[in-house]
Amino acid sequence: MTNRHLIDLSSMSQAELSELLNLAGEIRRVPGRFAETCHGKIMATLFYEPSTRTQMSFQAAMLRLGGRIIGFDDPNSSSVAKGESLKDTVRVVSGYSDILVMRHPKAGAAKAASLYSRVPVVNAGDGGHLHPTQTLTDLVTLNEETGRLTDLCIGCCGDLKNGRTVHSLIKQMSRYPGNSFVLISTPQLGIPSYLKDYMDARGVQYTELPTLEEAMPLLDVLYMTRIQRERFSSAQEYEQQKGVYVLDQRKLKKGKKSLRVLHPLPRVDEITVEVDDDPRAIYFEQTEYGMYARMALILTMLEGSERRLEPCPKSTHDHRCQNPNCITGQEAYLPRLFSGGGDMLTCDFCDERMLVE
Amino acid sequence: MTNRHLIDLSSMSQAELSELLNLAGEIRRVPGRFAETCHGKIMATLFYEPSTRTQMSFQAAMLRLGGRIIGFDDPNSSSVAKGESLKDTVRVVSGYSDILVMRHPKAGAAKAASLYSRVPVVNAGDGGHLHPTQTLTDLVTLNEETGRLTDLCIGCCGDLKNGRTVHSLIKQMSRYPGNSFVLISTPQLGIPSYLKDYMDARGVQYTELPTLEEAMPLLDVLYMTRIQRERFSSAQEYEQQKGVYVLDQRKLKKGKKSLRVLHPLPRVDEITVEVDDDPRAIYFEQTEYGMYARMALILTMLEGSERRLEPCPKSTHDHRCQNPNCITGQEAYLPRLFSGGGDMLTCDFCDERMLVE
Amino acid sequence: MTNRHLIDLSSMSQAELSELLNLAGEIRRVPGRFAETCHGKIMATLFYEPSTRTQMSFQAAMLRLGGRIIGFDDPNSSSVAKGESLKDTVRVVSGYSDILVMRHPKAGAAKAASLYSRVPVVNAGDGGHLHPTQTLTDLVTLNEETGRLTDLCIGCCGDLKNGRTVHSLIKQMSRYPGNSFVLISTPQLGIPSYLKDYMDARGVQYTELPTLEEAMPLLDVLYMTRIQRERFSSAQEYEQQKGVYVLDQRKLKKGKKSLRVLHPLPRVDEITVEVDDDPRAIYFEQTEYGMYARMALILTMLEGSERRLEPCPKSTHDHRCQNPNCITGQEAYLPRLFSGGGDMLTCDFCDERMLVE
Chain G
4 MTNRHLIDLS
14 SMSQAELSEL
24 LNLAGEIRRV
34 PGRFAETCHG
44 KIMATLFYEP
54 STRTQMSFQA
64 AMLRLGGRII
74 GFDDPNSSSV
84 AKGESLKDTV
94 RVVSGYSDIL
104 VMRHPKAGAA
114 KAASLYSRVP
124 VVNAGDGGHL
134 HPTQTLTDLV
144 TLNEETGRLT
154 DLCIGCCGDL
164 KNGRTVHSLI
174 KQMSRYPGNS
184 FVLISTPQLG
194 IPSYLKDYMD
204 ARGVQYTELP
214 TLEEAMPLLD
224 VLYMTRIQRE
234 RFSSAQEYEQ
244 QKGVYVLDQR
254 KLKKGKKSLR
264 VLHPLPRVDE
274 ITVEVDDDPR
284 AIYFEQTEYG
294 MYARMALILT
304 MLEGSERRLE
314 PCPKSTHDHR
324 CQNPNCITGQ
334 EAYLPRLFSG
344 GGDMLTCDFC
354 DERMLVE
Chain D
4 MTNRHLIDLS
14 SMSQAELSEL
24 LNLAGEIRRV
34 PGRFAETCHG
44 KIMATLFYEP
54 STRTQMSFQA
64 AMLRLGGRII
74 GFDDPNSSSV
84 AKGESLKDTV
94 RVVSGYSDIL
104 VMRHPKAGAA
114 KAASLYSRVP
124 VVNAGDGGHL
134 HPTQTLTDLV
144 TLNEETGRLT
154 DLCIGCCGDL
164 KNGRTVHSLI
174 KQMSRYPGNS
184 FVLISTPQLG
194 IPSYLKDYMD
204 ARGVQYTELP
214 TLEEAMPLLD
224 VLYMTRIQRE
234 RFSSAQEYEQ
244 QKGVYVLDQR
254 KLKKGKKSLR
264 VLHPLPRVDE
274 ITVEVDDDPR
284 AIYFEQTEYG
294 MYARMALILT
304 MLEGSERRLE
314 PCPKSTHDHR
324 CQNPNCITGQ
334 EAYLPRLFSG
344 GGDMLTCDFC
354 DERMLVE
Chain X
4 MTNRHLIDLS
14 SMSQAELSEL
24 LNLAGEIRRV
34 PGRFAETCHG
44 KIMATLFYEP
54 STRTQMSFQA
64 AMLRLGGRII
74 GFDDPNSSSV
84 AKGESLKDTV
94 RVVSGYSDIL
104 VMRHPKAGAA
114 KAASLYSRVP
124 VVNAGDGGHL
134 HPTQTLTDLV
144 TLNEETGRLT
154 DLCIGCCGDL
164 KNGRTVHSLI
174 KQMSRYPGNS
184 FVLISTPQLG
194 IPSYLKDYMD
204 ARGVQYTELP
214 TLEEAMPLLD
224 VLYMTRIQRE
234 RFSSAQEYEQ
244 QKGVYVLDQR
254 KLKKGKKSLR
264 VLHPLPRVDE
274 ITVEVDDDPR
284 AIYFEQTEYG
294 MYARMALILT
304 MLEGSERRLE
314 PCPKSTHDHR
324 CQNPNCITGQ
334 EAYLPRLFSG
344 GGDMLTCDFC
354 DERMLVE
């Protein structure tokens, strides 16, 4: 891979991504061939907020490659929380391990870690910002289950305004020809306008529909997510609307035979339990694809990686990022890195745009 | 094994149990022969309540077989607690692993897990209901230490009303010829009448004695457990009685030379520290036998097991189990499975009986 | 090693220490040669207080030797805290594992553990008492970085009164010829008089200086530690003095080119972040040397070790240790072991001296 770290899936070329997807498929088919490929290697999982599912997926992935694991999963009960900077922890732990996997509540934390790490860093979720291995999981699932990443009509249902997994999926699938999207949500929770611009610029077709029922017959893929109760504009609207975005057996009947239903999990009640038994429901298999995706990623990142500390980039501007969820607000020593120019800058850590005077 | 899962030791035939005990003994004698037998396999430990001792025993067992481990040990600090059903967690984690070990505060939880797992499930304690690997540990200990499981006079001391380990031991040892029991407890804390019926039906001899002192000379085996202070009928009675059920050097002197003292641990003060140095005290060795017992179990369960999801059984009745500690009260999607007929049903999850109209 | 356990570095002969340092260096240079030397062995990490950094260092060390790990890191969320004695836990866990690593808030806890363990015990910190593997880390760092352990002028800066890592370093380095010390602290936080006596008795040179600035040009090694705010005699003094014991770029300029700056970590603000980029700052490398130090230690302790329970020594006196932080106050069954004679006894667990009548 061109990049030593995986912070944002967008930084990967389509050729690199394609190689990764093929490798994941090969690992799935002949896992025995890869059982010792990371023998002697250590993965450190630095989870600054608990995420048992993601952590277990990474751990299972590394163990199935023959590697080993150190790390923490709850800094509150750990001494790491006691006033050590992210930089110091990363400098130390990257001396013990061969690859770092980081989960953090602040946007840009994995990017920050990559500045000080002697080994490759994988972003396992940085606040509501990015979660590239979830999207990688979704792509492997689609590739393996439909046999292609092109010419798919993909329904996205739920809270499309705030769902980072949906945003990332739309971006990635827009890179492949022939895909179109059906966006199913309330008027208030539609996808952000920048994503519409993104699709328009690439000539990607999309429709917005108010109900899951209308959309069902059109879809090759349905990507379900949850709308949290408090996102509805009123309790009354919640009561009226809630059923509209719940997938049940009745609605599923209107779907194609070849439909595939995905969900990033955990689900709450947006898919009824009965749906689980339908062969088109593949959200549990999806988590297993996620393990193969992470195996392919770890293997690729460790291959040819050498331990080295690269010089930390210098601040590009004097400004401070104004995003309260950005890691730069918490770790004051970080360089101030922005892209763009004129009076509009984008923070390299959290990707928030900022108007400067 | 006939059964894919180990939920209740009673479901194992005596031939299967015998094979398991022999295997545990062989592993103990030539551990090197088994050091790589689970190479490449992953055990997931799903501990919905912390139990460090049990978890470490399972982990050591799996590691000594060459296998690896993922899992969690405290769902409060983990995201698993955040509204994901037991079913979903089991479906996901059984995609990452080759065997599941589950500890849960609700009765029937391991049984529930077995309905949705693609890999074998081991019950590592489900509330106050069952704890089959503790009983397996006890059987391996007796078999290795006395060289037999027959013709033993077994004293059980402590809270025999509520002690599930004692109940399970009595049931298992009643399957072997020539064993007899001496039950040592307060009148209020004697064994439940169903266990007396059980022994009567099998022609198993038993005596009830009020003091440990009287019982000592009779015993080949003494299985000690604790009476919690609050189980006594009054504070006054506690003060009068407490010493009666404490094993100390003076009482131990009245025991046979070949006596073996067991305890499921942790002990509090029901065995004095001085007793530890007596060679007849084998409760610490017992925990090591527990590791061999679990090694034999894991090895047997993984042998010839293939990943598959069996169809979930349909509800047998419309009734709901009334036991507030039953897993079915918490996980509403579970099928309602009962055995028995007429107006008396037994819940297949928690084994509670229920009168229906 | 003469001693089966590592409780206190002082109990190691200089020849043994020297062998250990050489082995650590060899492991660092050709790690591959040692990658399977602990294959099949299990290390149990019993951390009665969280110390993520120390635990990860031990874990990485054991994994890089091909071994495996069980243990706990937070007894509050674990059942071990529920009324089981240290003795019982150690008896049980030493039946599961091949080496125990213990961290505990009470002085003497590792010594106590060693009385009941069937396998070697390593002290990973017992309260403010001892932390031998930190000192071992410091020695390996000095040996590898300066190529010698003799003829070094070593500056120790910070709270020298309470800093156990500094005390231990001074003791160890006083065993080698030609070393001298520069002690940099406030008058209230100077080193204890017993350490001055110790150096005087061995003819070791030392100077006390009030500022880091004056000391800088003299030093081959600077060992930085933190002065906690509350150690200053007043808030006013804190404000006046705090900068004096902070290492920044300006002060570092006065240091030799060959200077090496060490710190046991975590640092808070006693070394400014800019210093990290100076090649003389080796505190992050120091943690990696710590991993090699622990690899050498584990390997040496496991070599030729056999599982056995040694008879527990009998109480030497009737007295109880008066130190409120001593493990003997918490675990009442421990033998009362004291050294010395006449009316001055030293507790063998916590090393506190006690006047008896």
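Keeping their order, the protein sequence lines are chains G, D and X. Quick note on this note's numbering: the first sequence kicks off at 4 and runs consecutively. Quick note on this note's numbering: the second sequence kicks off at 4 and runs consecutively. Quick note on this note's numbering: the third sequence kicks off at 4 and runs consecutively. Heads up, the beta-carbon is just placed ideally off N, CA and C, and yes, glycines get one too. Note that the structure is a prediction, hence the values are computed from the model and not measured.
The C-beta separation of X:Y99 from X:I72 comes to about 11 angstroms, leaving the pair out of contact by the 8 angstroms criterion.
Taking the Cα positions, X:L139 is about 55 angstroms away from D:T214. Distance from the CA of G:S236 to the CA of X:M298, rounded to the nearest whole angstrom, comes to 59 angstroms. About 7 angstroms separates the beta carbon of G:S188 from that of G:G161, a gap short enough to meet the 8 angstroms contact definition.
Contacts with chain D (Cβ-Cβ distance below 7 angstroms) from the stretch 86-97 of chain X involve G86, E87, D91, R94, V95, V96, listed in chain order.
Under the 8 angstroms criterion on CB atoms, G:L300 is classed as non-interfacial with respect to chain D. The contact set of D:M294 on chain X, defined by CB atoms closer than 8 angstroms, consists of G98, Y99 in chain order. Taking a C-beta cut-off of 7 angstroms against chain G, the contacting residues of the stretch 24-48 of chain D are G43, I45, listed in chain order.
Residues of the stretch 47-77 of chain D with a C-beta less than 9 angstroms from any C-beta of chain X: E52, P53, S54, T55, R56, T57, Q58, M59, S60, Q62, A63, A64, L66, R67, G69, R71, I72, D76, D77, listed in chain order.
Between the C-alpha atoms of G:P108 and D:E277 there is a straight-line separation of about 52 angstroms.
For D:P269, the nearest CB of chain X lies under 8 angstroms from its own CB, placing it at the interface with that chain. D:Y201 is outside the set of residues whose beta carbon lies under 8 angstroms from a beta carbon in chain G. When DSSP states are grouped into helix, strand and coil, X:D91 belongs to the helix group. DSSP places D:V124 in the strand class (E or B) of the three-state scheme. Chain G has no Cβ within less than 8 angstroms of the Cβ of X:E334.
Among the residues of the stretch 274-293 of chain X, those with a Cβ less than 7 angstroms away from any Cβ of chain G are V276, F287, T290, E291, in the order of the chain. Three or more Cβ pairs closer than 8 angstroms define a contact, and the stretch 18-28 of chain X meets that threshold against the stretch 129-147 of chain X. If you look at G:A113, you'll find it in the alpha helix (DSSP H) that goes 112-119. Within the same chain, and ignoring the five residues on either side of X:T331 in sequence, the residues whose Cβ sits closer than 8 angstroms to its Cβ are G111, A115, R323, C324, L337, R339, C350, F352, C353. A direct Cα-to-Cα measurement between X:M304 and D:L23 gives close to 35 angstroms. Partner residues in the beta bridge of D:Q208, as assigned by DSSP, are D:S183.
Closest in C-alpha terms to X:L89, from the list X:S60, X:Y119, X:D203, comes X:Y119.
Of the residues X:G193, X:L142, X:M65, the one whose Cα lies closest to the Cα of X:R178 is X:L142. Taking a C-beta distance under 8 angstroms as the contact criterion, G:L9 and G:N126 qualify as a contact pair.
G:R270 carries a coil assignment under DSSP once its states are collapsed to helix, strand and coil.
Rounded to whole angstroms, G:G206 and G:S183 show a C-alpha spacing of 10 angstroms. For X:D101, the closest C-alpha among the options D:K199, D:Y241, D:K257, D:E291 is that of D:E291.
For the stretch 262-325 of chain G, the full-length alpha helix (DSSP H) segments reaching 4 residues or more read 286-305 along the chain. Nearest neighbour of D:Y201 by Cα position, chosen from D:D223, D:A113, D:Q175, turns out to be D:Q175.
Excluding sequence positions up to five before and after D:A38, its CB lies within less than 8 angstroms of the CB of R67, L68, G69, all in the same chain and listed in chain order. Distance from the Cα of X:E309 is smallest, within the candidate group X:S13, X:L20, X:K44, X:G35, for X:K44. Judged by DSSP secondary structure, X:V169 falls within the alpha helix (DSSP H) whose first and last residues are 167-176. The C-alpha of X:L198 lies about 15 angstroms from the C-alpha of X:L133. With 16 or more other CB atoms across the displayed protein chains lying within 10 angstroms of its CB, G:E273 is buried. Rounded to the nearest angstrom, the gap between the Cα atoms of D:D129 and G:Q244 is 39 angstroms.
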